[in-house]
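Residue numbers (our numbering): 3 to 372. Cβ coordinates follow ideal geometry from the N, Cα and C atoms, glycine included.
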Amino acid sequence: MAAKIPTVPLLTPYKLGKFDLSHRVVLAPLTRQRSYGNVPQPHAILYYAQRTSKGGLLIAEATGVSDTAQGYPDTPGIWTREQIEAWKPIVDAVHAKGGIFFCQIWHVGRVSNQGFQPNGQAPISSTDKPFTPQIRSTGIDVAQFTPPRRLRTDEIPRIVNDFRLAARNAIAAGFDGVEIHGAHGYLIDQFMKDHVNDRTDQYGGSLENRCRFALEIVDAVANEIGAERVGIRLSPFADYMESGDSNPKALGLYMAESLNKYEILYCHMVEPRMNGVLEKPNTSDSLLPMRKAFKGCFLVAGGYDREEGNNAIIENRTDLVAYGRPFLANPDLPRRFELDVPLNKYNRETFYTSDPVVGYTDYPFLEDSA
Ligand SMILES: Cc1cc2nc3c(=O)[nH]c(=O)nc-3n(C[C@H](O)[C@H](O)[C@H](O)COP(=O)(O)O)c2cc1C
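So, in structure tokens, the structure goes:
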């Protein structure tokens with residue numbers, strides 16, 4: 003008699019609004035810097051298709067909402083006709099394999115320099131506080147930042163509108179929905195976190211004021227494409243890009259509770275142990291209060307392996323688990339979790355290199371390595 007295969011919690015189905023997920027292993031958004039000139043390239047068709055499984059949820063890499071949104075070479079955008087058209091075959095390939103595909107919409111704010119900005123202007127932010135040169139996560143180049151220009155109060159609706167238009171464009175490209183990038187020290191986080199935001203208008207000061215920009219974007223995007231197609235990513239505990247907060251738990255809870263009002267599809271939070279893409283030492287902080295406060299689908303990310311993901315599902319600490327580096331290096335991650343076999347190791351050195359194959363689509367599938 004064949005042995006009964008035990009159920010793997012990560013591989014149980016989940017109803018995500020109108021989407022029927024066949025499992026809970028989500029592709030986390032991963033910037034790969036291979037979209038030359040900010041236009042998605044044909045090699046991304048294979049990359050995303052490789053990571054698609056029937057009924058699996060994929061979140062595309064951070065994608066700029068406007069010509070002021072960029073801060074890294076060769077990251078994709080979704081504000082021009084050409085970019086929308088370039089996304090279409092990529093989205094089609096994911097759909098052809100039965101995947102559900104969300105686009106992460108992004109504005110870097112002050113994590114930029116004049117070279118990325120139209121007419122060489124200063125990057126925009128919640129603040130004009132400059133930001134220290136940093137070693138990129140590649141560890142190779144030192145990124146230089148131009149001191150930002152503080153957005154005037156009357157300019158803010160235009161930026162909110164850029165997110166709205168980007169969401170509309172994402173749907174036009176065929177995406178099933180969007181994830182608003184409110185994490186990792188980029189523009190939305192620059193408004194939310196009190197180590198950065200030093201405004202005195204209705205977008206600064208109190209928690210309510212600092213979260214106003216994020217929630218206006220949620221509202222605008224939900225009105226444009228429907229709340230059932232909207233997720234948001236937040237990292238209240240991270241201080242990546244000099245964007246820490248003096249009370250991250252209160253911030254995370256305020257956002258989780260406020261988001262309920264908009265009835266968006268999911269809230270995606272990054273574990274306190276992650277500081278951007280680097281691990282922090284052990285911390286006693288937890289996402290549990292936010293999980294309990296948010297009424298929709300909860301999605302976690304940051305340092306999960308198979309066992310920890312399974313435990314988080316069993317203990318109802320989350321509904322879905324997003325995997326970044328493991329999925330980057332294992333295109334067939336859900337299948338490997340199903341069979342409980344070893345994973346390919348990721349190579350950090352090729353995370354952000356621009357080769358269309360190496361470190362991108364050449365990680366072996368299980369069959370290839372057998
Ligand atoms: C190469 C790389 C690119 C990333 N790009 C993004 C991104 O575009 N948007 C985002 O929200 N997070 C980004 N992250 C963070 C991941 O989505 C994820 O939260 C992080 O890698 C922790 O999860 P992991 O331990 O499963 O890798 C990136 C991480 C890596 C390693």
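Query, Result
"7 Å Cβ cutoff met for residue 326 and residue 13", "no"
"Residue burial classification, residue 284 (beta-carbon count within 10 angstroms, cutoff 16)", "exposed"
"Residue span of the alpha helix (DSSP H) that contains residue 131, given as start and end", "Counting along the chain, residue 131 falls outside any alpha helix (DSSP H), and DSSP gives it neither H nor E."
"Three-state secondary structure (DSSP) of residue 93", "helix"
"C-beta contact flag for residue 330 and residue 338 at 7 Å", "no"
"Residue burial classification, residue 54 (beta-carbon count within 10 angstroms, cutoff 16)", "buried"
"Nearest to residue 47 (by Cα), restricted to the options 73, 38, 89 and 40", "89"
"Collapsed DSSP secondary structure at residue 322 in the structure displayed", "strand"
"Entirely enclosed alpha helix (DSSP H) segments - the stretch 251-321, minimum 4 residues", "290-295 and 308-316"
"7 Å Cβ shell around residue 221 - same chain, five flanking residues per side excluded", "264"
"Proximal residues to residue 209 (C-beta, below 6 Å), its chain only, five neighbours per side dropped", "256"
"Strand pairing of residue 28, partner residues [DSSP]", "324"
"Residue 336 and residue 109 closer than 7 Å at C-beta", "no"
"Enclosing beta strand (DSSP E) for residue 164 [first to last residue]", "First-last for residue 164: 158-174, but that is the alpha helix (DSSP H), not the beta strand (DSSP E)."
"Closer than 6 Å: residue 353 CB and nearest ligand 1 heavy atom", "yes"
"Collapsed DSSP secondary structure at residue 124 in the structure displayed", "coil"
"Same chain, Cβ closer than 8 Å to residue 260, neighbours up to 5 away in sequence not counted", "213 and 217"
"Status (buried if at least 16 other CB within 10 Å, exposed otherwise) for residue 369", "exposed"
"Inter-residue Cα distance where the pair is residue 243 and residue 186", "7 Å"
"Stretch pair the stretch 117-125 + the stretch 175-185: three plus CB contacts closer than 8 Å", "no"
"Contact belief for residue 172 with residue 107 at Cβ below 8 Å, rounded distance in angstroms", "7 Å"
"Check your reading: residues with Cβ closer than 6 Å to ligand 1 heavy atoms", "30, 31, 32, 33, 63, 64, 106, 183, 185, 186, 235, 272, 276, 279, 303, 304, 305, 306, 325, 326, 327, 328 and 353"
"For residue 348 and residue 364, the rounded distance between their alpha carbons", "11 Å"
"Simplified DSSP state of residue 65, which is helix, strand or coil", "strand"
"CA nearest to the CA of residue 63, picked from 82, 105 and 22", "105"
"Close beta carbons around residue 20, own chain, < 7 Å, minus the five adjacent residues each side", "230"
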